[in-house]
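Asker: Going by our numbering, the first residue of the sequence shown is number 906, and it counts up by one from there. In this text, a Cβ means the ideal position worked out from N, Cα and C, and glycines have one as well. Model, not experiment: these values are computed from the prediction.
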Amino acid sequence: MTDSVIEILSAEEIRRTITRLASQIIEKAGNLSDVALLGLYTRGVPLAHNLAKQMELLENIQVPVGALDITFYRDDLDKISVRTPSKTDIPFDLNGRHLVLIDDVVFSGRTIRAALNAVNDYGRPELIRLAVLVDRGHRQLPVQPDFTGKKLPTAKDEKVKVYLQDVDGRDAVELIKT
């Protein structure tokens, strides 16, 4: 039996979604001087950089961007494939910041829980918001994104695959039905 693949967002739709998310973050923040973006590896990092570029185009202000590896904060290391941790890079002080965590897909909420634990080890932001490209539902924890590119109700056995140019050589979001 073969998997069925449905394109949910094209490269152009991802570009428009990033523009909309950047506008929403700007609108909610008001003053961007305290805002910083923190992308979660793997695809949250290039998303954070793309959002920062778009925010700079819209507001002519550079928003700092960092990268967060949550590998050792996960509670499911025994269930996921072996992965080599990436380097956390937070080139700004988290204390007092209005931090926006950036990830590609939110599902159970466990990745975001791990990210919140990791952030606490690096500082204490004034507030933390969450921006995701795709929200596919099925939470196991009370985590809801503040900024969502696309709500995509899925079955638990379906997969959402995000492809980004910087990581995968193309931009697309696909739903994979097994």
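Helix, strand or coil for V954, going by three-state DSSP, please let me know.
Answerer: Correcting the residue type first, residue 954 is His in the shown sequence and not Val. Looking at H954 - three-state DSSP - the assignment turns out to be helix.
Asker: Between R1002 and V1024, what straight-line distance do the alpha-carbon atoms span, to the nearest angstrom?
Answerer: If you take the alpha carbons of R1002 and V1024, they lie about 12 Å apart.
Asker: Just to confirm before moving on: does the CB-CB distance between V940 and L1004 stay below 9 Å?
Answerer: yes
Asker: Counting C-beta neighbours from all protein chains within 10 Å, is the total for F977 16 or more, i.e. buried, or is it exposed?
Answerer: exposed
Asker: Classify R1041 as buried or exposed, calling it buried when 16 or more other Cβ atoms lie within 10 Å of its own Cβ.
Answerer: buried
Asker: For H954, which residues of its own chain have a beta-carbon under 6 Å away from its beta-carbon, when the five flanking residues on both sides are left out?
Answerer: V970
Asker: In angstroms, rounded to a whole number, what distance separates the CA positions of L1046 and E917?
Answerer: 32 Å
Asker: Quick one: Cα of L943 to Cα of I995, how far?
Answerer: 8 Å
Asker: Using 9 Å as the threshold, is the C-beta distance between A1060 and Y1068 below it?
Answerer: no
Asker: Across which residues does DSSP place V1067 in a beta bridge pair?
Answerer: V1078
Asker: Do L999 and Y1027 have their C-beta atoms within less than 9 Å of each other?
Answerer: yes
Asker: Tell me whether Q959 is buried or exposed, calling it buried when 16 or more other Cβ atoms sit within 10 Å of its Cβ.
Answerer: buried
Asker: As a quick exercise: from P1050, F997, R1018, pick the residue whose alpha carbon is nearest that of P1030.
Answerer: F997
Asker: How many Å lie between A957 and K1064 at the Cα?
Answerer: So the alpha carbons of these two residues sit roughly 28 Å apart.
Asker: DSSP state of K1056, grouped into three classes?
Answerer: strand
Asker: Which residue wins for smallest C-alpha separation from N965, given the options R1075, I931, R948?
Answerer: I931
Asker: Whole-angstrom Cβ separation of E1079 and E961, contact assumed at under 8 Å?
Answerer: Wrong, their Cβ atoms sit about 29 Å apart, outside the cutoff.
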